[in-house]
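Chemist:
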Amino acid sequence: MSDKKLQIPIMSELAAQGIEPEVLYWVGCSGSFDARAQKVAVAFAKIMNEAKISFAILGQEESCTGDPARRAGNEFVFQMMALQNIETLNMYKVKKIVTACPHCFNTLKNEYPALGGNYDVVHHTQFINDLIKEGRLVMKGGSAFSGKRITYHDSCYLGRVNGVYEAPREILEKLDNHLVELKRSKTNGLCCGAGGSQMFKEDEKGDKRINVERVEEALESGAEVIVANCPFCITMLSDGIKAKDKQDHVMVVDISEMIVSNKRL
Amino acid sequence: MIQQVLFAIVVVGAFGFALNKYAKIYRNIMLAKDYDTQGNDFQRMKNVGLIAFGQKKMFKRMVPALLHLCIYAAFMITQIELIEIFIDGFTGSHRFFRDALGGFYTFTISFIEILSVLAFVATIAFLARRNALKLPRFHMDEMTGWPKWDGNLILVFELMLIIFIFHMNGADEVLYNMGKSGQHPGEVGSYGFAISQFVGPLMFGWLAEFGDFGIWMLNILERFGWWGHILMVLTFLMYLPFSKHLHIMLAFPNTYFAPLNSRGEMENMPDVMNEVKMMMGLSEMSADAPAEDELPEFGAKDIFGLTWKNMLDAYTCTECGRCSSVCPANLTGKKLSPRKIMMDIRDRAEEVGKNIDSGEQQAHNYDDGKSLFDYISREEIHACTTCNACVEACPVMISPMEPILKLRRYEILTESAGPSDWVPMFTSMENGGSPWAVNDARDKWATDELEKN
Numbered sequence: 110m111s112d113k114k115l116q117i118p119i120m121s122e123l124a125a126q127g128i129e130p131e132v133l134y135w136v137g138c139s140g141s142f143d144a145r146a147q148k149v150a151v152a153f154a155k156i157m158n159e160a161k162i163s164f165a166i167l168g169q170e171e172s173c174t175g176d177p178a179r180r181a182g183n184e185f186v187f188q189m190m191a192l193q194n195i196e197t198l199n200m201y202k203v204k205k206i207v208t209a210c211p212h213c214f215n216t217l218k219n220e221y222p223a224l225g226g227n228y229d230v231v232h233h234t235q236f237i238n239d240l241i242k243e244g245r246l247v248m249k250g251g252s253a254f255s256g257k258r259i260t261y262h263d264s265c266y267l268g269r270v271n272g273v274y275e276a277p278r279e280i281l282e283k284l285d286n287h288l289v290e291l292k293r294s295k296t297n298g299l300c301c302g303a304g305g306s307q308m309f310k311e312d313e314k315g316d317k318r319i320n321v322e323r324v325e326e327a328l329e330s331g332a333e334v335i336v337a338n339c340p341f342c343i344t345m346l347s348d349g350i351k352a353k354d355k356q357d358h359v360m361v362v363d364i365s366e367m368i369v370s371n372k373r374l
Numbered sequence: 216m217i218q219q220v221l222f223a224i225v226v227v228g229a230f231g232f233a234l235n236k237y238a239k240i241y242r243n244i245m246l247a248k249d250y251d252t253q254g255n256d257f258q259r260m261k262n263v264g265l266i267a268f269g270q271k272k273m274f275k276r277m278v279p280a281l282l283h284l285c286i287y288a289a290f291m292i293t294q295i296e297l298i299e300i301f302i303d304g305f306t307g308s309h310r311f312f313r314d315a316l317g318g319f320y321t322f323t324i325s326f327i328e329i330l331s332v333l334a335f336v337a338t339i340a341f342l343a344r345r346n347a348l349k350l351p352r353f354h355m356d357e358m359t360g361w362p363k364w365d366g367n368l369i370l371v372f373e374l375m376l377i378i379f380i381f382h383m384n385g386a387d388e389v390l391y392n393m394g395k396s397g398q399h400p401g402e403v404g405s406y407g408f409a410i411s412q413f414v415g416p417l418m419f420g421w422l423a424e425f426g427d428f429g430i431w432m433l434n435i436l437e438r439f440g441w442w443g444h445i446l447m448v449l450t451f452l453m454y455l456p457f458s459k460h461l462h463i464m465l466a467f468p469n470t471y472f473a474p475l476n477s478r479g480e481m482e483n484m485p486d487v488m489n490e491v492k493m494m495m496g497l498s499e500m501s502a503d504a505p506a507e508d509e510l511p512e513f514g515a516k517d518i519f520g521l522t523w524k525n526m527l528d529a530y531t532c533t534e535c536g537r538c539s540s541v542c543p544a545n546l547t548g549k550k551l552s553p554r555k556i557m558m559d560i561r562d563r564a565e566e567v568g569k570n571i572d573s574g575e576q577q578a579h580n581y582d583d584g585k586s587l588f589d590y591i592s593r594e595e596i597h598a599c600t601t602c603n604a605c606v607e608a609c610p611v612m613i614s615p616m617e618p619i620l621k622l623r624r625y626e627i628l629t630e631s632a633g634p635s636d637w638v639p640m641f642t643s644m645e646n647g648g649s650p651w652a653v654n655d656a657r658d659k660w661a662t663d664e665l666e667k668n
């Protein structure tokens, strides 16, 4: 942060001052608690500061969207999480939500309406892409990723489930690097292995782990950087890279971190 | 006359047999729960046009798509000739449409013949892909025994259908060349059909040397082709309900009824929602709420807990295995195969149907002590990452993922079972609003970062 101090406002504090922010930043459990995803949360907060977005987080009033519970089959816990969140969101009259987690994105966007929660929900890659298009975020030349061979991993819940393939790729085009597509990409993208609540349990017996299968494909592409858009994917792919002992050669990053590097935020 | 009577008996018999079986399949499908088909009818018709008729999703894989297109196109257009065969069969006429349609008739039959040659080549290619090339998706565990036979048998049937057509047209062509055709005896000429005008003389031309005996033989051969073809068609009709091949009919309704909402939305459970609302004080406890003696059953443990769309999915599945070949769990050696899930649902539906037919069980209180869990193991349903690759891959809009998630719901909500790893996750969510048990404040990441600044 060059000139201005970083701001991460809390919704309840803004409400006390009578301020209604433009957009709610839904941090999610990974962004809140997972050490690696926390860095992404900070990166995205910096980007919003840089673009002078009026935003807030729910802080203590946020809880899990319920996605892992619902997909594990536990509708009770899902409903508990979802109904509580909807109460909170509706209380603050939230209209627009941005999140850096495709699972939160999907549940907020597609599953909350049936429970009475209707919001305009965007994923942070869409949000950032719009900022760039509107000229509110201007890329500089050169960054830690300049000239590097990078590849992009489509998360299932942003890509195949919600059909968002282009926004992240459009951002990557604006950055100074060489994008190679994986063999299985876009509608054919291969899962990292974490969805459907697999993140929270051991694998079933098999020949190999799904993240290793995916990482092998990424290594084949010769990429030095794997770009992801999902905290679960980042965990799974990083673990896969470690399993292949390639952590010194290949890094796994979120798109927002590339922007932060480019803009030296 | 004898032929006409025989024809009528065979046709009525075959249709009677088949319709009885199709009615049972319909009954089996409807054993399941109702399914909401509200929404945009135009969008549904568009899906049928593009995905069922247009085979849009097949073209993700070019080679099988083109081969399949040959067989599909030949099958569709041959229906015109089939109408004529029925008319000729019942009335004793010979090539009923020819005089009325003239040049268009020659064109149509020629078109059928060309597509039939393409279909013949495609069928040989499919047999080779299945048996010689060892494509992995045709050699998974569930593709042994009957499913393997079924896949090959259908292809052999197709070859026979095509061979009979050329047999019939070829012998008829030679007879016409000799002025002995059944349609206009005495007139010497050629039908001018694209393939059989050449193939016919090649196959049967030598019989012309044998005078009356040759003509007799040619007439027998022509009838052999005609009867062979129609008997094969009727066999096909009766065989379909026992085979994976029902997709030639069910692909259309299945596409029409495919859900129009987002793939990302799991079906809401209003009962659970309302109970949680009451629990959280978000809605008033209604005084006249019926007191339930036993816990309702959540999710699905048997076909009765699925929707009729899930059942239609199962009967529509043609076991192509595109779903399983892209399933991340299957690709990495886990037991889950989305295709097997669909095959299991169908097998279970058939079993339930048989028990109802035999009078052993009744549909409204069916209980044979078995369920879908006797077909599908816990290990399989636990391995799903809900990545939707199977849903995306299916050319006829089947969702193998939906029944998997319904089985999970049954396991967790009704049985309180499921993977033990998930228990602490649920507990943490209930107690701390996060799948991980963490004591930190939820915004600690932000306050920490702000302090650094």
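As they're listed, the protein sequences go chains P and B. Adding 109 to a residue's 1-based position in the first sequence gives its number in the working numbering. Adding 215 to a residue's 1-based position in the second sequence gives its number in the working numbering. We put the beta carbon where it would ideally sit given N, CA and C, even for glycine.
Quick check: the Cα distance between S252 (chain P) and F641 (chain B), rounded to an integer number of angstroms?
Modeler: One C-alpha to the other measures close to 42 Å.
Chemist: Looking at V151 (chain P) and K205 (chain P), is the spacing between their C-beta atoms short of 8 Å?
Modeler: Their beta carbons are not under 8 Å apart, which means K205 (chain P) does not touch V151 (chain P) by this criterion.
Chemist: Going along the chain, which residues of the region 283-316 of chain P sit with their C-beta nearer than 9 Å to a C-beta in chain B?
Modeler: Within the region 283-316 of chain P, the residues whose Cβ lies closer than 9 Å to some Cβ of chain B are R293, T296, N297, G298, L299, C300, C301, G302, A303, G304, G305, S306, Q307, M308, F309, K310, E311, D312, E313, K314, G315, D316, listed in chain order.
Chemist: At 7 Å on the CB atoms, spell out the chain P contacts of K492 (chain B), in chain order.
Modeler: Simply L192.
Chemist: For chain B, check one thing: does any of its Cβ atoms lie closer than 8 Å to the Cβ of L115 (chain P)?
Modeler: With 8 Å as the cut-off, L115 (chain P) counts as an interface residue toward chain B.
Chemist: Enumerated in chain order, which unbroken segments of the beta strand (DSSP E) with a length of 3 residues or greater are wholly contained in the region 211-241 of chain P?
Modeler: For the region 211-241 of chain P, whole beta strand (DSSP E) runs of length 3 or above, ordered along the chain, are 229-232.
Chemist: Could you list which residues in chain B have their beta carbon closer than 7 Å to that of C173 (chain P), in chain order?
Modeler: By Cβ distance, chain B contributes M644, G648, S649, P650.
Chemist: Is E326 (chain P) close to chain B, meaning its C-beta is less than 8 Å from at least one C-beta of that chain?
Modeler: Chain B, which has no Cβ nearer than 8 Å to the Cβ of E326 (chain P), makes this no.
Chemist: In chain D, what lies closer than 8 Å to H597 (chain B) by C-beta?
Modeler: In the displayed structure, chain D is absent; the protein chains listed are P and B.
Chemist: Taking only the alpha-carbon atoms, compute the straight-line gap between G254 (chain B) and K275 (chain B) and give it to the nearest angstrom.
Modeler: Rounded to the nearest angstrom, the two C-alpha atoms are 27 Å apart.
Chemist: Measure the alpha-carbon distance for K155 (chain P) versus I556 (chain B) and round it to whole angstroms.
Modeler: Approximately 46 Å, taken between the alpha carbons.
Chemist: If we ignore side chains and look at the alpha-carbon of each, how far apart do C339 (chain P) and H212 (chain P) end up?
Modeler: One C-alpha to the other measures close to 8 Å.
Chemist: Excluding the 5 residues flanking F312 (chain B) on each side, which residues of the same chain have their C-beta closer than 7 Å to its C-beta?
Modeler: Once the five neighbours on either side are set aside, the close Cβ partners of F312 (chain B) are E299, Y320.
Chemist: Would you say D517 (chain B) faces chain P, with C-beta separation under 8 Å as the test?
Modeler: No, its Cβ sits nowhere closer than 8 Å to a Cβ of chain P.
Chemist: From this set, B:D486, B:A608, B:Y581, B:F257, which residue's C-alpha is nearest E534 (chain B)'s C-alpha?
Modeler: When each option's Cα is compared against that of E534 (chain B), the closest is B:A608.
Chemist: Leaving aside the five residues before and after M453 (chain B) along the sequence, list all residues of the same chain whose C-beta is less than 6 Å from its C-beta, in chain order.
Modeler: Here the set comprises A229, F232, A233.
Chemist: Do we get a CB-CB distance below 8 Å when we pair Y266 (chain P) with the residues of chain B?
Modeler: True, the Cβ-Cβ gap to chain B drops below 8 Å.
Chemist: Between B:M393, B:G496, B:K239, B:I410, which has its C-alpha nearest A423 (chain B)'s C-alpha?
Modeler: Comparing Cα-Cα distances from A423 (chain B) to each of B:M393, B:G496, B:K239, B:I410, the minimum goes to B:M393.
Chemist: Buried or exposed: which applies to H354 (chain B), given that a residue is buried once 16 or more other Cβ atoms fall within 10 Å of its Cβ?
Modeler: Its Cβ having fewer than 16 others within 10 Å, H354 (chain B) is exposed.
Chemist: Leaving out five residues before and five after I571 (chain B) in sequence, what residues of the same chain have Cβ atoms less than 6 Å from its Cβ?
Modeler: A578.
Chemist: Under the rule that 16 or more other beta-carbon atoms within 10 Å means buried, what is P639 (chain B), buried or exposed?
Modeler: Label assigned to P639 (chain B): exposed.
Chemist: Are the region 192-204 of chain P and the region 321-337 of chain P in contact at 8 Å, needing three or more beta carbon pairs?
Modeler: Counting Cβ pairs under 8 Å, fewer than three are found: no touch.
Chemist: Answer with buried or exposed for D316 (chain P), where buried requires no fewer than 16 other C-beta atoms within 10 angstroms of its C-beta.
Modeler: Per the 10 Å Cβ criterion, exposed.
Chemist: For K368 (chain P), tell me which candidate among P:V231, P:N320, P:G268, P:F236 has the shortest Cα-Cα distance.
Modeler: According to the sequence shown, residue 368 (chain P) is Ile rather than Lys. Minimum Cα distance to I368 (chain P) is reached at P:F236.
Chemist: By how many angstroms is the C-alpha of L376 (chain B) removed from the C-alpha of Q398 (chain B)?
Modeler: Going from the Cα of Q398 (chain B) to the Cα of L376 (chain B) covers about 23 Å.
Chemist: So with Cβ pairs under 8 Å, would you call W441 (chain B) a contact of chain P?
Modeler: Judged by the 8 Å Cβ criterion, W441 (chain B) is not in contact with chain P.
Chemist: Using a C-beta cutoff of 8 Å, does Q147 (chain P) count as contacting chain B?
Modeler: With 8 Å as the cut-off, Q147 (chain P) counts as an interface residue toward chain B.
Chemist: F142 (chain P) touches chain B at which residues, Cβ-Cβ below 7 Å?
Modeler: Per Cβ cutoff of 7 Å: S649, W651, V653, D655.
Chemist: Closer than 9 Å, Cβ to Cβ, to anything on chain B: give me those residues from the region 231-244 of chain P, in chain order.
Modeler: Within the region 231-244 of chain P, no residue has a Cβ that lies closer than 9 Å to any Cβ of chain B.
Chemist: Taking the DSSP output, what are the residues bridged to H287 (chain P)?
Modeler: Answer is P:R258.
Chemist: If we define contact as Cβ-Cβ less than 8 Å, is M157 (chain P) a contact residue for chain B?
Modeler: No, because no Cβ of chain B sits closer than 8 Å to the Cβ of M157 (chain P).
Chemist: Given a cut-off of 8 Å, decide if N243 (chain B) and V567 (chain B) are closer than it, judged by their beta-carbon atoms.
Modeler: Contact flag set, yes.
Chemist: In angstroms with no decimal places, state the Cα-to-Cα distance between L330 (chain B) and F457 (chain B).
Modeler: If you take the alpha carbons of L330 (chain B) and F457 (chain B), they lie about 27 Å apart.
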